[in-house]
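>
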Amino acid sequence: MQETLVLATRRSALALAQSRAVRAALLARFPDLRIELKEVVTEGDRLLDRPLAEVGGKGLFVKAIEAELLAGRADFAVHSFKDLPAELPPGLAVVAVPPREAVEDVLVSRRGESLATLPRGARVGTSSLRRAVLLRRLRPDLEVVPLRGNVDTRLRKLEAGEVDAVILARAGLVRLGLADRAGEVLDPRVFLPAIAQGALALEAREGDRRVGGILRALDDPPSAARVLAERAFLRAVGGNCHVPIGAYTWWEGEILAIKGFVAAPDGTSYVEAEARGKDPEEAARALAETLLARGAARALAGWANPAPGGQDSASSAFRPDTGGA
C-alpha cells in the first residue's frame with residue numbers, strides 16, 4: 001500500500017519551489033511514497049501594509065502551518081529556516097536540515113553597479129532591518145527605502161525605476177531559477193547574513209518516528225551544525241525581531257568559526273566579533289558573551305528606548321529577515 005504524507009507550505013512562489021524540491025528529493029529516495037502539498041495562507045502573507053515586528057514578528061509566517069502539524073492535518077512542513085522563531089512550540093521539532101544553499105545577500109542594480117560604485121543618493125530597496133543597518137554602515141550616502149513584496153515584485157519595482165538597486169538573498173534567487181539576476185554577491189564576512197539564511201528546516205511532530213525517519217534521509221549534518229550554532233547565538237545574545245542581528249559560520253577543518261553582529265535599530269550602536277570552537281553551541285555562546293561584553297546589551301535595549309527624533313521612526317518601516325529572500 002502506498003504511503004501518503006501531507007506537506008504544509010506557504011503559497012508564495014519561493015515556498016512552493018522549496019517544498020517541491022524537498023518532495024522531489026524524498027520521492028527519489030522513497031519511490032513508493034506519495035506526498036501531497038497543502039497550501040496555507042499565513043498571517044505574514046496577509047499583513048502586507050505594516051512592519052511585521054509591530055504585529056507579531058517572524059512567527060506570523062509559520063504559526064498557521066504549525067497549527068496544521070499540531071492538529072494532525074499535515075505531517076511535515078518545509079520552512080525557510082530564518083523564518084522560524086528561536087523557540088519552537090511544544091510538540092514540534094526540526095528533524096532535518098537539507099544541504100544548505102548559498103548564504104550570501106546579493107545586490108541587484110538597474111545599471112549593473114556594485115555596492116561600491118552606486119552613485120551618492122542612490123535609492124536601495126529592502127524590507128530587512130538588518131540589511132538597512134548594514135547598508136547605512138557601509139554606504140551612509142545611499143538612501144535606504146522600505147520595499148516589501150515577494151522576489152518578483154521587488155524585481156519589478158527595480159525595473160520600473162522605483163529604486164536603483166535591491167538587496168536579496170542569493171538562495172532565494174537560485175531556488176526560483178533566477179540565479180542570473182544575482183548581480184554582486186556581497187561578502188558574507190562583511191555583509192553578515194541573517195541567522196540560518198539559505199537553510200531549509202523540515203519540521204514535524206516531535207516523536208513521530210515514521211515521518212522523522214523519512215525526513216532524516218535528507219539531513220546534512222555539516223549544514224545542521226552551522227545553523228544550530230547561529231540559532232544558539234541568537235538565543236544566547238537575547239535577540240528579538242526588533243533588533244538587527246546577523247551571523248556567518250564556516251568550517252576550518254573540524255573547528256566551527258562564527259562571526260556575528262548586533263546593532264541598535266537606528267544603527268547608532270554596532271558591535272561585531274568572532275569565535276571558534278569544536279562544539280558549535282559553545283562557539284555560539286562564546287560569541288554572544290563577547291558581544292555582550294562589548295556593549296551588545298545597549299543595542300538590544302535600544303529598540304525599547306528609541307532616542308527622541310532619531311532614526312527609529314524610519315527603522316520601524318523595516319522588518320525581521322523573513323520569507324527566504
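With the UniProt record's numbering as the guide, the letters of the sequence shown map in order to residues 1 to 325.
All C-beta atoms in this analysis are idealised placements derived from N, C-alpha and C, irrespective of residue type, glycine included.
Note that the structure is predicted; figures quoted are calculated from it, not measured.
Just the C-alpha distance for Ala-116 and Glu-104, rounded to the nearest angstrom, thanks.
Taking the straight line joining both Cα atoms gives about 17 Å.
> If you measure from the beta carbon of Ala-74 to each beta carbon in chain D, is any gap under 8 Å?
Given the protein chain composition of this structure (a single chain), no chain D is represented.
> Grab me the residues of Ser-114's own chain with a C-beta within less than 6 Å of its C-beta, minus the 5 sequence neighbours each way, in chain order.
Hits under 6 Å: Glu-184.
> Within 10 angstroms of its Cβ, does Arg-148 collect 16 or more other Cβ (buried), or is it exposed?
Per the 10 Å Cβ criterion, buried.
> In angstroms with no decimal places, state the Cα-to-Cα distance between Ala-74 and Ile-255.
Approximately 38 Å, taken between the alpha carbons.
> So, are the CB atoms of Ile-245 and Val-227 less than 8 Å apart?
No. Outside cutoff.
> For Leu-138, which option in Tyr-270, Ala-299, Lys-278, Leu-14 has the closest C-alpha, if you only look at C-alpha atoms?
Among Tyr-270, Ala-299, Lys-278, Leu-14, the Cα nearest to that of Leu-138 is on Tyr-270.
> Counting Cβ pairs, one atom from each stretch, are 3 or more of them under 8 Å apart for the region 94-109 and the region 214-229?
Judged by Cβ distances under 8 Å, the region 94-109 makes contact with the region 214-229, as three or more pairs qualify.
> Helix, strand or coil: which one does DSSP assign to residue 337?
Residue 337 is absent from the structure shown; the chain starts at 1 and stops at 325.
> On the three-state DSSP scale, how would you describe Thr-9?
Of the three classes helix, strand and coil, the one that applies to Thr-9 here is strand, per DSSP.
> Quick one: Cα of Arg-136 to Cα of Arg-189, how far?
If you take the alpha carbons of Arg-136 and Arg-189, they lie about 16 Å apart.
> Give the list of continuous beta strand (DSSP E) stretches no shorter than 3 residues that lie fully inside the region 111-147.
Taking only runs of at least 3 residues, the beta strand (DSSP E) segments lying wholly in the region 111-147 are 123-126, 143-146.
> Helix, strand or coil for Ile-258, going by three-state DSSP, please let me know.
Looking at Ile-258 - three-state DSSP - the assignment turns out to be strand.
> Runs of 3 residues minimum, wholly inside the region 12-44: which ones carry the beta strand (DSSP E) assignment?
DSSP runs (the beta strand (DSSP E)) wholly in the region 12-44: 33-40.
> When the Cα of Ala-236 is compared with those of Thr-4, Pro-280, Leu-142, which residue comes out closest?
Closest by alpha carbon: Pro-280.
> Please report the Cβ distance between Leu-129 and Pro-265, rounded to the nearest whole angstrom; I am assuming they are in contact, meaning their Cβ atoms lie under 8 Å.
Contact holds; Cβ gap of about 6 Å.
> For the alpha helix (DSSP H) containing Ile-214, list its first residue and its last residue.
Ile-214 -> alpha helix (DSSP H) spans 209-215.
> Rounded to a whole number of angstroms, what is the C-alpha to C-alpha distance between Val-106 and Ile-258?
The alpha-carbon atoms of Val-106 and Ile-258 are separated by roughly 20 Å.
> Cutting at 8 Å between CB atoms, please list the residues of its own chain near Leu-70, excluding the five before and the five after it.
Only Pro-89, Gly-91, Leu-92, Arg-205 meet the Cβ criterion.
> Return the CA-CA distance between Arg-156 and Ala-296, expressed in angstroms with no decimal places.
Their Cα atoms are separated by approximately 37 Å.
> Since Gly-212 and Val-62 should fall inside the 8 Å C-beta cutoff, what is the C-beta to C-beta distance between them, to a whole number of angstroms?
Not quite, the Cβ-Cβ distance comes to about 19 Å (not below 8 Å), so this is no contact.
> Given Gly-239, which residues of its chain have a CB within under 6 Å of its CB, disregarding the five upstream and five downstream residues?
Around Gly-239: Ile-245.
> Using the C-alpha atoms, what's the distance from Pro-146 back to Ala-201?
Straight-line Cα distance between these residues: approximately 27 Å.
> In chain order, what residues of the same chain lie with their CB nearer than 6 Å to the CB of Trp-250, ignoring the 5 residues before and after it?
Excluding residues within five positions, the ones whose Cβ falls inside 6 Å are Ala-257.
> Measure the Cβ-Cβ separation of Lys-82 and Ala-194 and say whether it is below 8 Å.
Yes, the Cβ-Cβ distance between Lys-82 and Ala-194 is below 8 Å.
> Straight-line CA distance for Ser-80 to Arg-131?
Computed Cα separation, rounded: 18 Å.
> Check Gly-183 in the structure and name its three-state DSSP category.
Looking at Gly-183 - three-state DSSP - the assignment turns out to be coil, as it is neither helix nor strand.
> Thinking C-alpha only, which one of Arg-111, Ala-199, Glu-203 is nearest Gly-72?
Taking only the C-alpha atoms, the option nearest Gly-72 is Glu-203.
> Can you give the Cα-Cα distance for Arg-276 and Phe-233, rounded to whole angstroms?
Approximately 12 Å between the Cα atoms of the pair.
> Quick one: what's got a C-beta closer than 6 Å to Leu-134's C-beta in the same chain, skipping five residues either side?
Taken in chain order, the residues that qualify are Phe-191.
> Starting from Phe-233, trace the alpha helix (DSSP H) in both directions and tell me its first and last residue.
Segment 221-237, the alpha helix (DSSP H) holding Phe-233.
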